[in-house]
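Participant: Pasting a structure here, questions to come.
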Amino acid sequence: MCGIVGYMGNQDATPVIMNGLKMLEYRGYDSAGICTMDDGTAEIRRSSGKLINLERLIKDKPLSGTIGIGHTRWATHGKASVTNAHPHKSGSVVVVHNGIIENYLALKDELIDRGHAFISETDSEVISHLIDEKYELTGSFEKAVQLALKELHGAYALCILNQKDEKTLIAAKSGSPMVVGIRGDEYFIASDMPAIISNTREMVIMEDGEMAVFREGRVTFFTITGEEIAKASRHVDWSPLKAEKNGYPNFMLKEIHEQPQSIKNVIAGRLLDEKGDVFLEGLNLNDCELNSFEKLCLVACGTSWHAALVGKYLIEEQCRIPVDVEIASEFRYRDPLISGKTLVIPISQSGETADTLAALREARGKNAHIVSICNVVDSSIARESDGVIYTHAGLEIGVASTKAFTTQLVALYLLAIRLGRANGTISQEKGQEMIVELSGLPAHVKKTLELDPQIEEIACEYLTSWDAIYLGRGISYPIALEGALKLKEISYIHADGYPAGEMKHGPIALIDREMPVFILAPNDRHLIKVRSNMEEVITRGGKVIAFCSEGDQETGRRAEFTLKIPWAGEILSAVLFAVALQLLAYNFAILKGKDVDQPRNLAKSVTVE
Ligand code: F6R
């Protein structure tokens, strides 16, 4: 999703900004632009498509200057085009913006009435017009920004230049992330740390309602109402991970195959085999504190929400604690019933998802205790939580979440052991058994990956399908949802996941000879019921592809295809079914010639609501 990089210092700003934008590339964008200032002249280059197009443009028409701002745009208001790409310039003011200005239409009408002419279809362009107008009135760049910000409703992270105050750069934020990196009298501003961490590890994290004014080797922080504030920098000691395909044709396949290792990573150092317990270093809650919560509330979006659903089945059953699962974009606006007795667990790969972050803040406002499950270290969600369980999946570049999802499942499994041990629902012996099963999981994942040739055959057989249904019961139901989402997002085949028992309440009407139905039938307590659901589909002429467990000779007998998945126990087999469904979606997409790493319309880190 949109990325911002700004620079003020003594080097040529263009390479610093372009390198920063490249670090954010994998998050998804559809146009890019840069502005540098030299001798009071702001020069802008913008292009649609990938950064390589912008690089070519800069090569043809080089830029100069030691102060500049850059942007990658993921279209929300206005299509992906050069005109809609940032930076936007109005009068002497140049702006890059992440977020959404919700009252932009009203502001635009007012500005047009006052004689402003708009060039783009974006919400962002109102910001440059407003600041320019206020600057003409006040003659002060800071004052102009403050006055303009007062009129904006919505979310923003901004970097702003002004030809008439050529040695100044202003950054401001509300609702979208922004950090400032400091190296002597050089300043690196970015929407995300990885964009600038190769330049400096001294970071100041800007909070909502703050602005930073960079002028002649100094930075001063203010509230947007103009009061100066002191902000300390912190040293960040993690290293940016390198995005390399290591011989794989794309990142998604690499990340699918990394799962045996990423699962080892999320477990590493956390198992207390003897005690039948786990150590979660960032949890920051003792047994007594853990037992004081009346309920858990897992909140997330997309694939992470599917992980949360698995978490509900797992934790309620093993630990006998009520668990609510909430879609973050709904939770944040519906005055949820939570209190200081609720443990709220936001789950997020990126740690920057706008809705999940807003849900966290909603929960914070209601005094809930917050422990997040995140992959990206030091992300906004991780920083704003009371405790964090990191999933240690490593950098995930493919837009479709794969290793992030399975490590979230394992993190939830670890949390379940901890909760169960703390409240006595999991005995030492049971804890030991769960740990033994978990320790064997990476090897089972490896074996599951070896099923790829059979999975490819299935994808070939049903390649012309326009729709697909995924069915599962119990813990396999959220896995069915996840399988359907994976197929939709990378192959563009419409797919839906249902609890198998719900079919007869409506979806069964969809069954015909064209519809592949992927039935998840692990060898658990639901198997007999799932077989009956399978019969209901077959009886109506549906094409059944059965995903069952190794050793099951029965389930697949009436299916068109059967895939036998290793058995890793009632709970952890879900991870293996998820891996098989990732490979299924992957094969469909590759056979259809789709770009699996950057599917159309999607962004890796969804920083707008
Ligand atoms: C799907 C996918 C998305 C994300 C969702 C939440 O494959 O990746 O559905 O799961 O956008 O993202 P995070 O986990 O970063 O909060």
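Numbering (our numbering), first residue to last: 696 to 1304.
Ideal Cβ positions, reconstructed from N, Cα and C, are used throughout, including at glycine.
Since the structure is predicted, the reported quantities are computational estimates derived from the model, not experimental observations.
1) Could you compute how far the alpha carbon of N1218 sits from the alpha carbon of A1002?
2) In or out: T709 buried (at least 16 other Cβ within 10 Å) or exposed?
3) If I follow the unbroken beta strand (DSSP E) through P1211, where does it start and stop?
4) Would you check if the distance between the CB atom of E1057 and the CB atom of F1026 is smaller than 8 angstroms?
5) Taking 7 angstroms as the cut-off, is the beta-carbon of T998 closer than that to any non-hydrogen atom of the ligand F6R?
6) Determine, using beta carbons only, whether L1055 and S1024 come nearer to each other than 8 angstroms.
7) Have a look at the DSSP bridge pairing and note the partners of C1243.
8) Compute the distance between the beta-carbons of S957 and S999, then report whether it is under 8 angstroms.
9) Using a threshold of 7 angstroms, is the CB atom of V1301 nearer than that to any non-hydrogen atom of the ligand F6R?
10) Could you tell me if the beta carbon of Q1293 falls within a distance shorter than 7 angstroms of some heavy atom in the ligand F6R?
11) Thinking C-alpha only, which one of A1163, K1183, G1192 and C1243 is nearest R1208?
12) For V711, which of helix, strand or coil comes out of DSSP?
13) Under 8 angstroms by Cβ, that's how I've got V874 and A867 pegged, so tell me the actual separation to the nearest angstrom.
14) Does the ligand F6R have a heavy atom nearer than 7 angstroms to the CB of S1096?
15) What is the rounded straight-line gap between the Cα of A1063 and the Cα of S1034?
16) Find out if the Cβ-Cβ distance for the pair L1271, I1150 is shorter than 8 angstroms.
17) Only counting runs of 4 or more residues, tell me where the alpha helix (DSSP H) segments fall wholly within the region 890-960, in order along the chain.
18) Does the beta carbon of A995 fall short of 7 angstroms from some heavy atom of the ligand F6R?
19) Hey, how far is the Cα of V1232 from the Cα of V1140?
20) Look at the alpha carbon of S869 and the alpha carbon of T1051, and state the distance between them as a whole number of angstroms.
21) On a Cα-Cα basis, can you pick out the residue from K845, L1090, L802 and I877 that is closest to M947?
22) With a CB to CB cut of under 7 angstroms and the five nearest residues on each side skipped, what residues in its chain are close to K926?
23) Any chance you could list the alpha helix (DSSP H) runs of at least 4 consecutive residues sitting entirely within the region 1068-1097, in chain order?
24) Which of the three DSSP states is assigned to D1191 in this structure?
25) With a threshold of 7 angstroms (Cβ to nearest heavy atom), would S776 be considered close to the ligand F6R?
26) Using the C-alpha atoms, what's the distance from D972 back to A1216?
27) Thinking C-alpha only, which one of L991, G1115 and T895 is nearest D982?
28) In terms of DSSP beta bridges, what is F883 paired with?
29) Comparing the C-beta of S957 with each C-beta of chain D, is any distance below 8 angstroms?
30) Sorted by chain position, which residues of the same chain lie with C-beta nearer than 7 angstroms to T1143's C-beta, five sequence neighbours on each side aside?
Facilitator: Based on what the coordinates show:
1) 21 angstroms
2) buried
3) P1211 to A1216
4) yes
5) yes
6) no
7) A1216 and K1259
8) no
9) yes
10) no
11) A1163
12) helix
13) Their Cβ separation, rounded to whole angstroms, is 13 angstroms, which puts V874 and A867 out of contact at 8 angstroms.
14) yes
15) 5 angstroms
16) no
17) 946-952
18) yes
19) 29 angstroms
20) 16 angstroms
21) L1090
22) V899 and F916
23) 1075-1078
24) strand
25) no
26) 30 angstroms
27) G1115
28) Y702 and G876
29) Here there is only one protein chain, and chain D is not present.
30) I1260, P1261, L1271, V1274 and A1275
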